[in-house]
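In what follows, a structure is listed as structure tokens, so that the remarks can point back to it.
Residue numbers (my numbering): 10 to 214.
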């Protein structure tokens, strides 16, 4: 069955049996980000919480593309369970045409509508085994992409938890810096006030 997001642990077998990994699988032209980057999180925190200006970041097309891939993976799994593992690969036309096997067999309610004009759905590897579905523009779902990148010795794409930790760390650092600057400011202010006060024994001019 095609690999699904969240439980993909067959990267080594996939690479061994399917051969060279397509560039779009490990480095898609449009990397889908489900969470804001560290810089975007801090900028949003400043603009929304401090200034009160609301902003938004859109990744709707990439998310919709990955949702399409999950739908396809489920449909192919059901088809192969019913038809003796006969669907080993797909092409873009197979899933975006009303005459596609999955649509005719009612494994899909309707043909897949690409989330973006640049989307093109393909398969890599045997879909009755560890094969995956991916988009040539948005790549595969993040868990699958990171599993393959890790197997190839590449740095994984930052996950939500890693981004949250990075934001928390930077926020704490900025808070400590602010406290230190405030402490220095009040210390210098007290020193200036003390030095500018006339001493009781000093004769008035």
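Every residue gets a Cβ at the ideal spot worked out from N, C-alpha and C, and that includes glycine.
(message) Between which two residues does the beta strand (DSSP E) holding residue 88 run?
(response) The continuous stretches of beta strand (DSSP E) do not include residue 88, which lies in the alpha helix (DSSP H) extending over residues 69 to 91.
(message) Quick test of the definition: if touching needs 3 or more C-beta pairs under 8 Å, does the stretch 157 to 167 touch the stretch 27 to 41?
(response) Output reads yes: the stretch 27 to 41 touches the stretch 157 to 167.
(message) What does the alpha-carbon distance come out to for the pair residue 67 and residue 39?
(response) Any reading at residue 67 must be qualified, since the residue scores a pLDDT of 42, below 50, and its modelled position is unreliable; no value is offered.
(request) Note down, in chain order, each residue of its chain lying with its Cβ closer than 8 Å to the Cβ of residue 87, except the 5 sequence neighbours on either side. (result) Answer for residue 87: 116, listed in chain order.
(request) Answer yes or no: do residue 120 and residue 137 have a C-beta to C-beta separation smaller than 8 Å? (result) Taking 8 Å as the Cβ cut-off, residue 120 and residue 137 do not qualify as a contacting pair.
(message) What would DSSP say about residue 121, mapped onto helix, strand or coil?
(response) The answer is coil: DSSP assigns residue 121 none of H, G, I, E or B.
(message) Do residue 77 and residue 20 have their beta-carbon atoms positioned less than 8 Å apart in this structure?
(response) No, these two residues do not count as a Cβ contact at 8 Å.
(message) Are the CB atoms of residue 75 and residue 147 within a distance shorter than 8 Å?
(response) Taking 8 Å as the cut-off, the beta carbon of residue 147 is found closer than this to the beta carbon of residue 75.
(message) One question on the structure: do residue 27 and residue 133 come within less than 8 Å of each other, judged by their Cβ atoms?
(response) By the CB criterion at 8 Å, residue 27 and residue 133 fall inside the cutoff.
(message) Using the Cβ count rule (16 or more neighbours within 10 Å means buried), how would you classify residue 109?
(response) Here residue 109 is buried: its Cβ has 16 or more other Cβ atoms, across all protein chains shown, within 10 Å.
(request) Report yes if the CB atom of residue 83 is closer than 8 Å to the CB atom of residue 41, and no otherwise. (result) Taking 8 Å as the Cβ cut-off, residue 83 and residue 41 do not qualify as a contacting pair.
(message) Let me confirm a value: residue 156 is counted as buried when at least 16 other C-beta atoms fall within 10 Å, else exposed. Which label applies?
(response) Counting of Cβ neighbours within 10 angstroms places residue 156 among the buried residues, the total reaching 16 or more.
(message) Quick check for students: name the residue ranges of the alpha helix (DSSP H) that lie wholly in the stretch 107 to 151, counting only runs of 4 or more.
(response) Qualifying alpha helix (DSSP H) stretches, in chain order: 110 to 113.
(message) Quick check on residue 23: does DSSP put it in helix, strand or coil?
(response) Annotated three-state conformation of residue 23 is helix, per DSSP.
(request) Pull up the distance between the alpha-carbon of residue 95 and that of residue 85, whole angstroms please. (result) Residue 95 and residue 85: Cα-Cα distance of roughly 10 Å.
(message) Here's the rule: buried if 16 or more other CB atoms are within 10 angstroms of the residue's CB, otherwise exposed. What is residue 93?
(response) Residue 93 should be labelled exposed.
(message) Can you give me the C-alpha to C-alpha distance between residue 195 and residue 201, rounded to a whole angstrom?
(response) For residue 195 and residue 201, the distance between alpha carbons rounds to 10 Å.
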